[in-house]
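First comes the structure, then the notes that go with it.
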Amino acid sequence: MWARLAAVCSRLRFVFSRQRFDEETRRELETHLELLVDRYVRSGKTPQAAYTAARRQLGSTVLVREEIYQMNSIGRLEQLTADLRFASRMLRRDVGFALAAVGTLALGIGATTTIFSVVNGVMIRPLPYPQPDALVAIWHTAQFQGVTSSNIPLSSTMYLSYREHNQTFQEFGVWHTGAANVTGIGEPEEVRTLVVTYGTLPAVGVVPVLGRWFSSTDDTAGTTETVILTHGYWRRRFGGDRAAVGRTITIDSRPREVIGVMPQGFRFLNADPEVILPQRFEGNQLQPNDVHAYVGIARLKPGVSLRQANADVRRMLPIWITQYGTNGPVLQAARFEPSLRPLKEDVVGDVGSVLSVLMGTIGIVLLIACANVANLLLVRAEGRQQELTVRAALGAGWGRIAHQLLVESVTLGMLGGAFGLAVAYGGLKILVAMAPANLPRLADISIDPVVLAFTLTVSLLSGLLFGLTPVLKYVGPTMSGALGGALHGGSRTLSQGQERHRSQNALVVAQVALAVVLLVAAGLMIRTFDALRRVRPGFARPETVQMVRLSIPDAQVAEPERVVRMQQDIAERIAAIPGVTSVAFATAMPIETEFENNMVMTVENKTYNQGIPPLRRSKSVSPGLFRTLGTPMLAGRDFTWTDIYDSRQVAVVSENMAREMWGAPSDALGKRIRVGRVGAWNEIIGVVGDVYD
Numbered sequence: 002m003w004a005r006l007a008a009v010c011s012r013l014r015f016v017f018s019r020q021r022f023d024e025e026t027r028r029e030l031e032t033h034l035e036l037l038v039d040r041y042v043r044s045g046k047t048p049q050a051a052y053t054a055a056r057r058q059l060g061s062t063v064l065v066r067e068e069i070y071q072m073n074s075i076g077r078l079e080q081l082t083a084d085l086r087f088a089s090r091m092l093r094r095d096v097g098f099a100l101a102a103v104g105t106l107a108l109g110i111g112a113t114t115t116i117f118s119v120v121n122g123v124m125i126r127p128l129p130y131p132q133p134d135a136l137v138a139i140w141h142t143a144q145f146q147g148v149t150s151s152n153i154p155l156s157s158t159m160y161l162s163y164r165e166h167n168q169t170f171q172e173f174g175v176w177h178t179g180a181a182n183v184t185g186i187g188e189p190e191e192v193r194t195l196v197v198t199y200g201t202l203p204a205v206g207v208v209p210v211l212g213r214w215f216s217s218t219d220d221t222a223g224t225t226e227t228v229i230l231t232h233g234y235w236r237r238r239f240g241g242d243r244a245a246v247g248r249t250i251t252i253d254s255r256p257r258e259v260i261g262v263m264p265q266g267f268r269f270l271n272a273d274p275e276v277i278l279p280q281r282f283e284g285n286q287l288q289p290n291d292v293h294a295y296v297g298i299a300r301l302k303p304g305v306s307l308r309q310a311n312a313d314v315r316r317m318l319p320i321w322i323t324q325y326g327t328n329g330p331v332l333q334a335a336r337f338e339p340s341l342r343p344l345k346e347d348v349v350g351d352v353g354s355v356l357s358v359l360m361g362t363i364g365i366v367l368l369i370a371c372a373n374v375a376n377l378l379l380v381r382a383e384g385r386q387q388e389l390t391v392r393a394a395l396g397a398g399w400g401r402i403a404h405q406l407l408v409e410s411v412t413l414g415m416l417g418g419a420f421g422l423a424v425a426y427g428g429l430k431i432l433v434a435m436a437p438a439n440l441p442r443l444a445d446i447s448i449d450p451v452v453l454a455f456t457l458t459v460s461l462l463s464g465l466l467f468g469l470t471p472v473l474k475y476v477g478p479t480m481s482g483a484l485g486g487a488l489h490g491g492s493r494t495l496s497q498g499q500e501r502h503r504s505q506n507a508l509v510v511a512q513v514a515l516a517v518v519l520l521v522a523a524g525l526m527i528r529t530f531d532a533l534r535r536v537r538p539g540f541a542r543p544e545t546v547q548m549v550r551l552s553i554p555d556a557q558v559a560e561p562e563r564v565v566r567m568q569q570d571i572a573e574r575i576a577a578i579p580g581v582t583s584v585a586f587a588t589a590m591p592i593e594t595e596f597e598n599n600m601v602m603t604v605e606n607k608t609y610n611q612g613i614p615p616l617r618r619s620k621s622v623s624p625g626l627f628r629t630l631g632t633p634m635l636a637g638r639d640f641t642w643t644d645i646y647d648s649r650q651v652a653v654v655s656e657n658m659a660r661e662m663w664g665a666p667s668d669a670l671g672k673r674i675r676v677g678r679v680g681a682w683n684e685i686i687g688v689v690g691d692v693y694d
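Using the working numbering, the letters of the sequence shown map in sequence onto residues 2 to 694.
What follows is the structure, encoded as structure tokens:
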């Protein structure tokens, strides 16, 4: 084995040091010849006779050197290196062609690599958690009064019921994101938070580098409040001090003990939190009609399929309604169904289909680039007909000539891939910088070994693809007569000229056809974009409205009246800034459904099928919101701060609801509605234009 390996290494050294080896062989043969001459002289021959005898005994030095070459070379590898050297000489001889071909390929391969880097980071690369295929996201669907709702998260009572009764989850938890104010360590600041139940972090399987996970005690009211820091926040605020675990920091005016630090680079799905807090469900949250605001995540037990997990959740839904369902008729009528899906699919969402279309589009661009280079090669091969004919006449086989031409084209492809990688590196930086913030797994997009392997493969296949065109046209036994004509004055007939340009015309047609596909797709996208621009969303142009998130800690400002006065003071101070026309607060902005509530809305003196009112989307807003957004007031008036201070039970409804329930916006004024089937009535004081959410 070792002898064979040594022989292979020796042959490889020969391939890459051929000239030195030839020189050593020549000197060795000369030395051997001198020794033979000296031996014959000592035997009594004259120097001339001795030299003649020595040459006769040694034989032809050319043949000897050829035999040594055959013994030490690796035939195909030696042939490949020779073809590569020849290809490099030919490209250096025709620099203009080389620059045009390599530049075209660099743009095509670079664009393809850039988009594939995004596809790889978002869709292909597995989630950075142990055994990610066992992770599922838990959602629900519901059909209520003919309306189907999807992607319904869990409520607090759902979480408690599932945690107690599930049979398929190895770990299970819920989570949501938010913001909080941190004080007591340097300057006060607002930080991004991840709020989780104690089973959430064990579900993803990322272990803290310091300290521990949350336990069931941390979720329990009345115990010491705790917090886990992310690695970046720990380094930034504590300087990486290991003694930070056990210290107390103040978050939203509540002291919390630091119990752990997550590893460097930790991200929770698409969230990038700075601190992680335990979710505590207080008694007032455990209501049957509480808000569905918690995203569920679970790690399935070994051997459990997604279908079995869905069946398990379907089994638990009646248990949940029975256990917490004082509002049972509404929950029964909602016809809840589980909608569990792989966590990676949930993280990627609808972006996957968009990226697939984009990848196909860029693939067409690469095909156009290959067709362009193939046309250049055809023109170049036409000018080399006499060279190819002479080589064939001197004994070179068609296979040998085809091999050499393909090596040239693959060399072009590899050069295009190398420069395309540089294009992709710059393009990816620009793309990531310009990408929307909600693009999933943005931090995972990079040029990694998978992307490098993809670029290498695309470069190789591209070289073979556009290199086959001149090979099939100009190399082969059937072309002997056509090539032979080049040796007899290069005369051309009309049919030969037509044949010569047929392939070029076909490539031009292919390029135009592919370009038309791209133009049609671009036209459809522009038409869709224009249609979206013409939609009246019900609020002012986004560029005229600025949004900022603001949280007022309950522990710091507990009284509702103080909260309202603080909001009014903030609004008045900001409105006093030159250029600001109005300021308002809302629990959710247009097209933002995270903090909106779909609640049963009862209209006074109305009867409903099965006695259940329909679901309506609602939000809490401050005075001035409709003016700030540019939403027209069609009837009645806006809220006032006095309405809030006096706790007046008033409401503003949309034009759509007013026309549906009372026929006209003005007819809705003075009518009363309430959330749920019990509770205080709210008088309608205004009707505003519809806002598309």
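Where is the CB? At the ideal position from N, CA and C, for every residue including glycine.
Proximity below 8 Å, CB of residue i to CB of residue j
i, j, result
"Val103", "Leu416", "yes"
"Ala636", "Gly671", "no"
"Pro274", "Thr194", "yes"
"Val1", "Glu190", "Absent from the structure is residue 1, since the part of the chain shown begins at 2 and ends at 694."
"Ile298", "Val276", "no"
"Asp347", "Ala135", "no"
"Leu515", "Gly109", "no"
"His141", "Ala294", "no"
"Val622", "Ala587", "yes"
"Tyr130", "Val208", "no"
"Met600", "Val676", "yes"
"Leu107", "Phe420", "The sequence shown places Ala at residue 107, rather than the Leu named in the question. Result yes, Cβ atoms of Ala107 and Phe420 sit closer than 8 Å."
"Leu698", "Gly468", "Since the first and last residues shown for the chain are 2 and 694, residue 698 lies out of range."
"Val374", "Leu422", "no"
"Ser410", "Gly364", "no"
"Ile250", "Arg243", "no"
"Val314", "Leu341", "yes"
"Arg213", "Gly174", "no"
"Leu128", "Leu344", "yes"
"Thr456", "Gly418", "yes"
"Gln144", "Arg336", "yes"
"Ala511", "Ala372", "yes"
"Val228", "Val192", "no"
"Val695", "Gly625", "Here the chain comprises residues numbered 2 to 694, so residue 695 is not present and cannot be evaluated."
"Gln333", "Ile320", "no"
"Gln58", "Leu36", "no"
Spatial distance of residue i from residue j (CA atoms)
i, j, result
"Pro715", "Met124", "Any question about residue 715 goes unanswered here, given that the chain covers just 2 to 694."
"Ala659", "Ala669", "6 Å"
"Pro279", "Leu270", "17 Å"
"Tyr234", "Arg528", "46 Å"
"Ile553", "Ala572", "14 Å"
"Tyr646", "Glu562", "7 Å"
"Val96", "Ser118", "31 Å"
"Arg308", "Arg618", "32 Å"
"Thr221", "Arg550", "29 Å"
"Gly223", "Phe215", "15 Å"
"Gln569", "Ile431", "41 Å"
"Pro289", "Tyr325", "Only weak support is given to the placement of Pro289: the predicted model assigns it a pLDDT of 48, under 50, and the question is left unresolved by the model."
"Trp682", "Arg628", "26 Å"
"Thr362", "Leu519", "7 Å"
"Val692", "Pro666", "15 Å"
"Thr641", "Gly185", "37 Å"
"Ile674", "Asn311", "37 Å"
Identity of the residues DSSP links to residue i by a beta bridge
i, result
"Val651", "Glu684"
"Gln144", "Thr149"
"Gly212", "Gly261"
"Ala138", "Ile298 and Arg342"
"Ile674", "Val604 and Asn683"
"Val689", "Met634 and Ser655"
"Thr249", "Glu258"
"Thr225", "Answer is none; Thr225 lacks a bridge partner."
Practice problem: Please list the segments of the beta strand (DSSP E) lying wholly inside the segment 601-636, counting only runs of 3 or more residues, in order along the chain. | Solution: 616-619
Quiz item: Taking only runs of the beta strand (DSSP E) that begin and end inside the segment 167-206, which ones reach a length of at least 3 residues, in chain order?
Solution: 170-184 and 190-197
Practice problem: Write down every uninterrupted run of the beta strand (DSSP E) in the segment 256-338 whose length is 3 residues or greater and which is fully enclosed by it, in chain order. | Solution: 276-279 and 296-301
Quiz item: How do the segment 91-102 and the segment 160-178 stand: do at least 3 beta-carbon pairs fall below 8 Å, yes or no?
Solution: no
Practice problem: Report yes or no: do the segment 443-461 and the segment 351-365 share at least 3 C-beta pairs separated by less than 8 Å? | Solution: Taking a cut-off of 8 Å on C-beta distances, the segment 443-461 does not touch the segment 351-365, as fewer than three cross pairs fall below it.
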